[in-house]
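Enquirer: Residue numbers (the working numbering): 1095 to 1181.
Laid out in structure tokens, this is it:
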């Protein structure tokens, strides 16, 4: 999804340096890429979101429970720090 693209579905834009969704490999290189519009409607099948700030009310099953981290720390100093917290 690209900001400023209003049509529904996907459109093919000519992107150059400085545009989001594209990183040129050579100086002056441009590329025509297919990008989605910025409008959220029923045509989108998946929308990935991150909760940045909690509101006044909780969503049951979403913001009222905290999930433990799936993976522990890898760096030795952080492992020591975590063990120190537990003791």
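No residue lacks a Cβ here, since even glycine has one placed at the ideal position from N, Cα and C.
(1) For a quick check, are the C-beta atoms of residue 1103 and residue 1137 less than 8 Å apart?
(2) Indicate the three-state DSSP secondary structure (helix, strand or coil) for residue 1110 in the structure shown.
(3) Does the segment 1123-1130 come close enough to the segment 1104-1114 to have 3 or more Cβ pairs within less than 8 Å?
(4) Assuming residue 1129 and residue 1099 form a contact by the criterion Cβ under 8 Å, report the distance between their Cβ atoms to the nearest whole angstrom.
(5) Have a look at residue 1105 and residue 1179 and give me their C-alpha separation to the nearest angstrom.
(6) Going by DSSP, what residue range makes up the alpha helix (DSSP H) through residue 1127?
(7) Residue 1163 bridges to which residues according to DSSP?
(8) Between which two residues does the alpha helix (DSSP H) harbouring residue 1174 extend?
Expert: By the coordinates alone:
(1) Their beta carbons are under 8 Å apart, which means residue 1103 touches residue 1137 by this criterion.
(2) coil
(3) yes
(4) 6 Å
(5) 52 Å
(6) Run containing residue 1127: none in the alpha helix (DSSP H); it sits in the beta strand (DSSP E), 1125-1130.
(7) In DSSP, residue 1163 forms no bridge with anything.
(8) 1170-1180
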